[in-house]
Amino acid sequence: MEMHEPCLWIVKSEQETRELGRRLAPLLQPGDVLALEGDLGAGKTTFTQGVAQGLGIDAYIDSPTFTLIKEYHGRLPLYHMDVYRLEGADEDLGWDEYFYGDGVTLVEWASRIQPLMPEETVWFTFHVLSTGEREIRLHLRNDRSRRMCEELSGR
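So this is what it looks like as structure tokens:
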């Protein structure tokens, strides 16, 4: 796993993608919301598996494509959402209970419900490079994302 510019990682394997998620997990606090954007197969669910491992969750994590939301319990509750199949942001599924609750929420395809996402959402994008490696970028949109970037990059 190579660190390039602040909060941009090039990962060479699923293991490195999971490891980045595991490194992030200790930094997470109740009410954190992470938006995961990127192509199909770019590593969003693999990253979530690492976060879950880092939170002490033993359950197998797969994409909640057809159920929309899966809940897991570890050091903090983990709410894993995949909103790809939603028609739009107007479907009310009790988002606030998750976004402002006592757990950590990871939302795959979050741009589909962007108007509903909290202001302090931490946005990640995942891209498959021509080499097959993945580029994972943490966007510095707010104070929470800047603090996470500093802690993850050891600055």
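In this text, residue positions in the sequence shown follow this note's numbering: the first is 2, and each later residue adds one. Backbone N, C-alpha and C define an ideal beta-carbon position, used for all residues, glycine too.
task: Put A36 into one of helix, strand or coil per three-state DSSP.
output: As a working mapping, residue 36 is identified with position 35 in the sequence shown. Under the three-state reduction of DSSP output, A36 falls in the strand class.
- request: Would you identify the three-state DSSP class for D63, choosing helix, strand or coil?
  value: Looking up residue 63 in the sequence shown gives position 62. Coil.
Buried or exposed by the 16-neighbour rule on C-beta atoms within 10 Å, applied to K45: In the sequence shown, counting from the first residue as 1, residue 45 sits at position 44. Looking at its Cβ environment, which holds 16 or more other Cβ atoms inside 10 Å, K45 is buried.
message: Does T122 come out as helix, strand or coil in the three-state DSSP assignment?
response: Your numbering for residue 122 matches position 121 in the sequence shown. If DSSP states are grouped into helix, strand and coil, T122 belongs with coil.
- prompt: What is the residue span of the beta strand (DSSP E) that I80 lies within?
  reply: Translated into positions along the sequence shown, residue 80 becomes position 79. Looking at the sequence itself, residue 80 is Tyr, so the reference to Ile does not match. If you look at Y80, you'll find it in the beta strand (DSSP E) that goes 78–83.
task: List the residues that DSSP assigns as beta-bridge partners of K71.
output: Mapped onto the sequence shown, residue 71 falls at position 70. Its beta-bridge partners are H81.
task: Pull up the distance between the alpha-carbon of E1 and that of P31, whole angstroms please.
output: Because the chain here runs from 2 to 156, residue 1 falls outside it and cannot be looked at.
- prompt: Within the chosen definition, does the region 129–142 reach the region 100–109 through at least 3 CB pairs nearer than 8 Å?
  reply: Touching, no.
- prompt: How about S64 and D83: do their beta carbons lie closer than 7 Å?
  reply: Against the sequence shown, residue 64 aligns to sequence position 63. Against the sequence shown, residue 83 aligns to sequence position 82. Yes, the Cβ-Cβ distance between S64 and D83 is below 7 Å.
- prompt: So, do the region 43–57 and the region 143–151 have three or more beta carbon pairs nearer to each other than 8 Å?
  reply: Too few Cβ pairs lie closer than 8 Å, so no.
task: Classify Y85 as buried or exposed, calling it buried when 16 or more other Cβ atoms lie within 10 Å of its own Cβ.
output: One-based indexing of the sequence shown puts residue 85 at position 84. Flag for Y85 reads exposed.
Beta-carbon contacts of V172 that lie in its chain and below 6 Å, excluding the five residues immediately before and after: Since the first and last residues shown for the chain are 2 and 156, residue 172 lies out of range.
message: In this structure, how does DSSP classify E106 when only helix, strand and coil are distinguished?
response: Mapped onto the sequence shown, residue 106 falls at position 105. In the sequence as displayed, the identity of residue 106 is Thr instead of Glu. In this structure, DSSP gives T106 an extended state, which the three-state scheme calls strand.
Per DSSP, the bridge partner or partners of R139: Taking the first residue of the sequence shown as position 1, residue 139 is located at position 138. Residue 139 is actually Leu in this sequence, not Arg. Bridge partners of L139 according to DSSP: F125.
- request: Using alpha carbons as the reference points, say which of M149, I114, H140, L117 lies closest to W124.
  value: The sequence position of residue 124 within the sequence shown is 123, counting from 1. The shortest C-alpha separation from W124 is found at H140.
- prompt: Over what stretch of residues does the beta strand (DSSP E) that includes L9 continue unbroken?
  reply: Along the sequence shown, one-based indexing puts residue 9 at 8. That run of the beta strand (DSSP E) goes 9–12.
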